[in-house]
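Residues 1 to 128 in full-length UniProt numbering are what the sequence shown spells out, letter by letter. Glycine included, every Cβ here is placed at the ideal spot set by N, Cα and C. Being a predicted model, the structure only gives us computed values, none of them experimental.
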Amino acid sequence: MECQICNNNYFKYRCPICQIKYCSVDCFCNHKGSCAISEDVNTGANPSKEKSNQEFQFPTEDTVPKEKLEKLAESQKLKALLSNPHLRDMLQALGAAVNKEKAMQAAMLEPIFTEYADMVLEIVGEKL
Numbered sequence: 001m002e003c004q005i006c007n008n009n010y011f012k013y014r015c016p017i018c019q020i021k022y023c024s025v026d027c028f029c030n031h032k033g034s035c036a037i038s039e040d041v042n043t044g045a046n047p048s049k050e051k052s053n054q055e056f057q058f059p060t061e062d063t064v065p066k067e068k069l070e071k072l073a074e075s076q077k078l079k080a081l082l083s084n085p086h087l088r089d090m091l092q093a094l095g096a097a098v099n100k101e102k103a104m105q106a107a108m109l110e111p112i113f114t115e116y117a118d119m120v121l122e123i124v125g126e127k128l
């Protein structure tokens, strides 16, 4: 897929606010000024804080409660594991994948990813 800013190169990144795909810092800087939600960031609002205070719109039996998700941010073991650049690259690729099911199947074959998945499940209290 192409960069949605310059339409010249393949995208490598996504805007953390609106998820538009871009290929470089230059393209991100060009986009940042026009990002619809970036006005809230520039005025001092913190979207991640606002999101964390929101309730789930459509909770299901598989929805993890906010309190359990907050445990992930507190885990030093998880932070140490996420310092691995290969794992971070895999997680970014999963987020950007068009066929997420196929990407997840491939990721589950990697020991570092299965270690990450097991640790997340352990932290949120799910049985392995």
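Distance from the CA atom of residue 7 to the CA atom of residue 125, rounded to whole angstroms, is 44 Å. A direct Cα-to-Cα measurement between residue 83 and residue 116 gives close to 11 Å.
In this structure, 13 is the residue among 99, 18 and 13 with its C-alpha nearest to the C-alpha of residue 25. For residue 11, no alpha helix (DSSP H) segment is defined, and its DSSP state is neither H nor E. In this structure, the alpha-carbon of residue 113 lies about 10 Å from that of residue 104. The continuous alpha helix (DSSP H) containing residue 26 extends over residues 25 to 32.
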